[in-house]
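Undergrad: Protein chains in written order, with this note's numbering: chain A, 1495 to 1612; chain B, 996 to 1108.
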């Protein structure tokens, strides 16, 4: 079945530094990937839609310059949290949909990244 | 605007019980609906994807039904086990918004041994 690999699973960084999270579709091509953020005991909040070869589409209230998204290939999207602050600490999850069979197989999610900014 | 609601918000049952989780959506013009489970601190695992043309899908002890006209889906779990304890989410994609998913708030299930 479709697999999405997300790395790292956990990261601790100092305030002011940047952190990059990778999301890879291992056995399918994804023209679109989605980045979510989840606070404890809350549902997923969509941050942005990552589009291969073009600019990402950000949800209202999400800072584009804060959360940089790059989708340079059909199997890789990255989310960079720039100048991280403690309030950016959260659980980040990506998902991807098969470019060809998307409506048939639905969405596959990564295992998530726990970011802690100290 | 599509809204997805899940009932109940939480459920605690003894091991072995059959149970039903409910999902409703306001806009019936969907092309599929997907059920996921999320374990604490983990990503989402896809359980079942049901197309709008289908009435149900089965995988092991799980059965999902879809009544598109009434805007409802149910996830039936047979002979529940402690390992089924997790948060269950249903979601529908919105085609006109780049197929992004709209999630329900989830049902937190606890199966007691």
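Backbone N, C-alpha and C define an ideal beta-carbon position, used for all residues, glycine too.
#1: Using the beta-carbon count (16 or more within 10 Å), is residue 1582 of chain A buried or exposed?
#2: Cβ closer than 7 Å: which chain A residues qualify as neighbours of residue 1083 of chain B?
#3: Could you tell me which of A:1568, A:1585 and A:1542 sits nearest to residue 1611 of chain A, measuring between CA atoms?
#4: Taking the CB atoms as reference points, tell me whether residue 1573 of chain A and residue 1587 of chain A lie closer together than 8 Å.
#5: Specify, as a first and last residue, the run of the alpha helix (DSSP H) that residue 1597 of chain A falls within.
#6: Which residue's Cα is closest to the Cα of residue 1599 of chain A: B:1069, B:1063, B:1050 and B:1045?
#7: Let me see if you follow: with CB-CB separation under 8 Å, is residue 1057 of chain B close to chain A or not?
#8: Where does residue 1516 of chain A sit, in a helix, a strand or coil, going by DSSP?
#9: Based on DSSP bridge pairs, tell me the residues matched to residue 1016 of chain B.
#10: Buried or exposed: which applies to residue 1087 of chain B, given that a residue is buried once 16 or more other Cβ atoms fall within 10 Å of its Cβ?
#11: Just the Cα atoms here: how many angstroms apart are residue 1025 of chain B and residue 1063 of chain B?
#12: Spatial neighbours of residue 1511 of chain A within its chain, please: CB distance less than 7 Å, with the 5 preceding and 5 following residues excluded, ordered by chain position.
#13: Rounded to whole angstroms, how far is the Cβ of residue 1590 of chain A from the Cβ of residue 1561 of chain A, which I believe are closer than 8 Å?
#14: Measuring alpha carbon to alpha carbon, tell me which of B:999, B:996 and B:1066 ends up nearest residue 1047 of chain B.
#15: At what residues does the beta strand (DSSP E) containing residue 1525 of chain A begin and finish?
#16: Identify whether residue 1559 of chain A lies in helix, strand or coil by the three-state DSSP scheme.
#17: In this structure, how does DSSP classify residue 1552 of chain A when only helix, strand and coil are distinguished?
#18: List, in order along the chain, the chain B residues whose C-beta lies closer than 7 Å to that of residue 1537 of chain A?
#19: Could you compute how far the alpha carbon of residue 1021 of chain B sits from the alpha carbon of residue 1545 of chain A?
#20: Does the segment 1071-1086 of chain B come close enough to the segment 1027-1042 of chain B that 3 or more CB-CB pairs lie under 8 Å?
#21: Leaving aside the five residues before and after residue 1103 of chain B along the sequence, list all residues of the same chain whose C-beta is less than 6 Å from its C-beta, in chain order.
#22: So which residues on chain A does residue 1078 of chain B lean against when the C-beta distance must stay under 7 Å?
#23: Would the beta-carbon of residue 1593 of chain A fall within 8 Å of that of residue 1524 of chain A?
#24: DSSP puts residue 1088 of chain B in a beta bridge; with which residues?
TA: Taking the structure as given:
#1: Counting from one through the first chain, the residue named residue 1582 of chain A turns up at place 88. With a threshold of 16 other beta carbon atoms within 10 Å, residue 1582 of chain A meets it and is buried.
#2: As a first step, residue 1083 of chain B must be located in the second chain, where it is residue number 88. Correct list: empty, because the minimum Cβ distance to chain A is about 12 Å.
#3: As a working mapping, residue 1611 of chain A is identified with position 117 in the first chain. Taking each of A:1568, A:1585 and A:1542 in turn and checking the Cα distance to residue 1611 of chain A, the smallest one comes out for A:1585.
#4: Numbered from its first residue, the first chain carries residue 1573 of chain A at position 79. Numbered from its first residue, the first chain carries residue 1587 of chain A at position 93. Cβ atoms of residue 1573 of chain A and residue 1587 of chain A: not closer than 8 Å.
#5: In the first chain, counting from the first residue as 1, residue 1597 of chain A sits at position 103. First-last of the alpha helix (DSSP H) with residue 1597 of chain A: 1596-1599.
#6: Here residue 1599 of chain A is taken as the residue at index 105 of the first chain, counted from 1. Comparing Cα-Cα distances from residue 1599 of chain A to each of B:1069, B:1063, B:1050 and B:1045, the minimum goes to B:1045.
#7: Start at 1 with the first residue of the second chain, and residue 1057 of chain B comes out as number 62. No, its Cβ sits nowhere closer than 8 Å to a Cβ of chain A.
#8: As a position in the first chain, residue 1516 of chain A is number 22, starting the count at 1. Strand.
#9: Walking along the second chain from the start, residue 1016 of chain B turns up at place 21. DSSP output for residue 1016 of chain B lists B:1070 as bridge partner(s).
#10: Counting from 1 along the second chain, the entry for residue 1087 of chain B is found at position 92. With 16 or more other Cβ atoms from the protein chains shown falling within 10 Å of its own Cβ, residue 1087 of chain B counts as buried.
#11: Position 30 of the second chain, counted from the start, is the residue given in the question as residue 1025 of chain B. Position 68 of the second chain, counted from the start, is the residue given in the question as residue 1063 of chain B. Residue 1025 of chain B and residue 1063 of chain B have their C-alpha atoms some 8 Å from each other.
#12: Against the first chain, residue 1511 of chain A aligns to sequence position 17. Result list for residue 1511 of chain A: 1578, in chain order.
#13: By one-based count along the first chain, residue 1590 of chain A stands at place 96. By one-based count along the first chain, residue 1561 of chain A stands at place 67. The pair is not a contact, with the Cβ atoms about 18 Å apart (cut-off 8 Å).
#14: Residue 1047 of chain B sits at position 52 when you count from the first residue of the second chain. Measuring from the Cα of residue 1047 of chain B, the nearest candidate turns out to be B:1066.
#15: Working through the first chain from its first residue, we reach residue 1525 of chain A at position 31. For residue 1525 of chain A, there is no enclosing beta strand (DSSP E), since its DSSP letter is neither H nor E.
#16: Indexing the first chain from 1 puts residue 1559 of chain A at position 65. Three-state result, residue 1559 of chain A: coil.
#17: For this step, residue 1552 of chain A is matched to residue 58 along the first chain. Three-state result, residue 1552 of chain A: strand.
#18: For this step, residue 1537 of chain A is matched to residue 43 along the first chain. The answer, in chain order, is 1098, 1100 and 1101.
#19: Position 26 of the second chain, counted from the start, is the residue given in the question as residue 1021 of chain B. Position 51 of the first chain, counted from the start, is the residue given in the question as residue 1545 of chain A. One C-alpha to the other measures close to 28 Å.
#20: Yes: at least three Cβ pairs fall under 8 Å.
#21: Stepping through the second chain from its first residue, residue 1103 of chain B is reached at position 108. Only 1005 and 1082 meet the Cβ criterion.
#22: Taking the first residue of the second chain as position 1, residue 1078 of chain B is located at position 83. Ordered by position in chain A, no residue passes the 7 Å Cβ test against residue 1078 of chain B, which lies about 18 Å from the chain.
#23: In the first chain, residue 1593 of chain A corresponds to position 99, counting from 1. In the first chain, residue 1524 of chain A corresponds to position 30, counting from 1. Note that the C-beta distance between residue 1593 of chain A and residue 1524 of chain A is below 8 Å.
#24: In the second chain, the residue the question calls residue 1088 of chain B occupies position 93. DSSP lists B:1096 as the bridge partner or partners of residue 1088 of chain B.
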